[in-house]
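Participant: Structure below; questions to follow.
As structure tokens, this is what we get:
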């Protein structure tokens with residue numbers, strides 16, 4: 052987009068238009084802020100609400116609470132989508148932001164497990180489900196509200212301001228959490244400080260409600276109501292007409308899954324990779340991601356504007372293609388520039404797990420109830436927890452599994468053997484000794500080895516793929532449906548894809564890594580989805596950027 056184009060757009064946006072965009076966007080920033088707090092404060096929440104179980108299971112249950120919010124989003128889309136098509140866009144997303152804000156505030160007040168026992172995690176999960184329900188109605192409503200105010204040739208550019216709020220909500224959350232953690236110290240933050248980001252959300256809620264109450268209903272909805280063309284049964288109409296159902300399926304399974312996994316890969320999985328695999332100190336890793344996010348936030352508007360000019364499909368298909376080709380090389384680059392000592396050790400002294408193939412299982416245990424005690428599982432688990440790259444050599448030998456670090460051999464043990472505790476101590480000591488001898492860095496990555504500018508550049512590339520795909524895909528989805536069912540029909544496939552594809556990205560990627568021992572193999576999931584969606588969208592998705600949004 053040229054400077055002249057940008058000036059032209061700015062001149063055509065009236066003061067009232069700006070208020071519409073700011074009101075919808077600001078409220079959505081606060082909703083995403085509320086939503087992301089759970090993921091960013093998972094360790095502290097686990098200690099507060101799940102202290103009745105072991106720490107690992109508690110952390111897993113907290114992440115399941117995070118996932119519960121995702122699972123309720125499609126249902127929220129149906130509930131509030133129907134309401135938005137029946138009574139209006141404005142009033143519906145006033146309800147959703149109130150629901151989100153109050154449930155977030157209540158989480159900050161909930162008594163801990165030590166005080167009320169099992170009721171604590173039940174209440175936490177309940178509030179988390181209300182958050183997901185609210186977000187399922189909020190985002191689509193804000194998008195549609197802005198789009199129905201926008202000039203026909205500027206829809207994606209205008210809605211991009213709502214879309215970029217996902218990144219801004221993440222920035223706002225870390226901007227509150229990091230300074231607070233530094234100011235009061237780690238112990239105080241774990242004991243009570245983690246509640247503060249939830250409690251201050253009540254002020255954000257007040258600001259959002261005040262701004263949104265001053266707005267009018269969408270002009271397109273008012274016109275439709277005045278002409279008597281509003282749907283009396285939006286759910287039945289949206290899901291009872293094959294043409295609409297076909298569009299919902301294309302949106303949910305052909306277009307949007309790639310957008311979801313690409314965005315979550317850049318915004319969330321990259322942070323896990325930096326901290327857990329490359330062992331870059333958490334504050335440093337967060338700072339690098341924050342800088343990359345700030346750099347790429349304007350690109351949502353840039354690519355939205357581009358899709359207004361040349362079409363939605365060329366822009367988001369290019370994003371899918373770039374993500375498919377470059378994601379794995381970018382993560383390899385993060386290793387090279389983030390922890391070169393680890394890369395050198397992996398190349399010079401690769402790690403092998405030599406074990407009977409029948410002893411090696413898929414260690415996917417989301418409920419924290421299964422025990423993996425075979426020697427292969429024990430050895431693999433120890434290496435996986437260290438974030439180390441390894442290959443598994445399966446043999447027919449029924450002996451105890453081995454970890455081989457270069458020419459060093461460490462004999463494993465059976466996890467449920469009578470002397471398992473002593474064997475574990477012996478194995479851990481020998482493994483640490485071998486890794487140290489072969490120059491594997493076991494602590495945090497050395498600050499002098501971290502090439503921060505290049506890492507920011509690589510993270511910015513990952514986030515750019517998300518920016519390329521987000522505005523064009525969601526705007527295209529909205530343009531597939533007539534006004535009378537738009538809220539319902541657009542919100543459901545968007546949030547279904549976000550939940551089932553984006554929400555399961557961490558668990559799926561971690562499972563693939565554990566199964567293969569390859570720290571980059573978790574990227575097979577987003578890359579595979581990007582390739583599939585590129586092909587399916589090329590075949591089934593239609594171009595929508597010139598569609599008349601005022602059709603009833």
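In my numbering, the protein residues as written are 52 to 603.
Where is the CB? At the ideal position from N, CA and C, for every residue including glycine.
Can residue 491 and residue 581 be called in contact, C-beta distance under 8 Å?
Facilitator: no
Participant: Taking the straight line between their C-alpha atoms, what separation do you get for residue 587 and residue 372?
Facilitator: 13 Å
Participant: Which residues in the same chain have their Cβ closer than 6 Å to the Cβ of residue 418, if we skip the five residues on either side of it in sequence?
Facilitator: Note that residue 418 scores 45 on pLDDT, short of 50, meaning its location in the model is unreliable and no value can be drawn from it.
Participant: Below 8 Å between beta carbons: does that hold for residue 572 and residue 578?
Facilitator: no
Participant: Sort out for me which residues DSSP pairs residue 407 with in a bridge.
Facilitator: 446
Participant: When the Cα atoms are used, what is the spatial distance from residue 522 to residue 547?
Facilitator: Whole-angstrom Cα-Cα distance: 17 Å.
Participant: Kindly indicate the opening and closing residues of the alpha helix (DSSP H) around residue 235.
Facilitator: 216-235
Participant: Within 10 Å of its beta-carbon, does residue 125 have 16 or more other beta-carbons around it, so buried, or fewer, so exposed?
Facilitator: buried
Participant: Tell me which residue opens and which closes the alpha helix (DSSP H) that residue 593 is part of.
Facilitator: Element bounds for residue 593: n/a, residue is neither H nor E.
Participant: Bridge partners for residue 299 per DSSP, in chain order?
Facilitator: None, per the DSSP bridge assignment.
Participant: Secondary structure at residue 89, three-state DSSP: helix, strand or coil?
Facilitator: The answer is helix: DSSP assigns residue 89 an H, G or I state.
Participant: By DSSP, does residue 455 sit in helix, in strand, or in coil?
Facilitator: Strand at residue 455.
Participant: I'd like to know whether the C-beta atoms of residue 513 and residue 316 end up nearer to each other than 8 Å.
Facilitator: yes
Participant: To which residues of the same chain is residue 420 closer than 7 Å at the C-beta, ignoring the five residues directly before and after it?
Facilitator: Residue placement at residue 420 cannot be trusted, given a pLDDT of 47 that sits under 50; what the coordinates show is reported in the next sentence. Once the five neighbours on either side are set aside, residue 420 has no close Cβ partner at all.
Participant: Check for me: the alpha helix (DSSP H) holding residue 366 runs from which residue to which?
Facilitator: 363-389
Participant: Could you tell me whether the region 393-410 touches the region 447-459, using the rule of 3 or more Cβ pairs below 8 Å?
Facilitator: Yes, the region 393-410 touches the region 447-459.
Participant: How long is the line joining the alpha carbons of residue 212 and residue 167, rounded to whole angstroms?
Facilitator: 42 Å
Participant: Taking residue 443 and residue 407 to be in contact with their CB atoms under 8 Å, please state how far apart those CB atoms are, rounded to whole angstroms.
Facilitator: Residue 443 to residue 407, Cβ: 11 Å. No contact.
Participant: Over the uninterrupted alpha helix (DSSP H) stretch that includes residue 521, give me the two end residues.
Facilitator: Where residue 521 is concerned, the enclosing alpha helix (DSSP H) stretches over 503-530.
Participant: Does DSSP classify residue 460 as helix, strand or coil?
Facilitator: strand
Participant: With respect to 7 Å, is the separation between the Cβ of residue 161 and the closest non-hydrogen atom of the ligand MG below this value?
Facilitator: This structure does not include the ligand MG; it has no bound ligands of any sort.
Participant: Counting pairs of Cβ atoms below 8 Å between the region 324-332 and the region 202-212, do you hit three or more?
Facilitator: Pairwise C-beta distances place the region 324-332 out of contact with the region 202-212, as fewer than three of them are shorter than 8 Å.
Participant: What is the DSSP secondary structure of residue 441, counted as helix, strand or coil?
Facilitator: strand
Participant: Does residue 56 come out as helix, strand or coil in the three-state DSSP assignment?
Facilitator: Here residue 56 scores only 43 on pLDDT, less than 50, and its place in the model should not be relied on; the value that follows carries that caveat. Correct three-state label for residue 56: helix.
Participant: Put residue 402 into one of helix, strand or coil per three-state DSSP.
Facilitator: strand
Participant: Flag this pair as yes or no: are the beta carbons of residue 305 and residue 584 separated by less than 8 Å?
Facilitator: yes
Participant: For a quick check, are the C-beta atoms of residue 194 and residue 531 less than 8 Å apart?
Facilitator: No.
Participant: Tell me the DSSP secondary structure of residue 267 in three-state form.
Facilitator: coil
Participant: Under 8 Å: do the region 378-388 and the region 499-512 share three or more Cβ pairs, one atom per stretch?
Facilitator: yes
Participant: Between which two residues does the alpha helix (DSSP H) holding residue 541 run?
Facilitator: 537-548
Participant: Using 10 angstroms around the beta-carbon of residue 85, count the other beta-carbons present and answer buried if the total reaches 16, otherwise exposed.
Facilitator: When all chains shown are included, residue 85 counts as buried.
Participant: Can you check which of these residues, 294, 591, 143, 568, is closest to residue 623 by C-alpha distance?
Facilitator: With the chain covering 52 to 603 only, the question about residue 623 has no answer from this structure.
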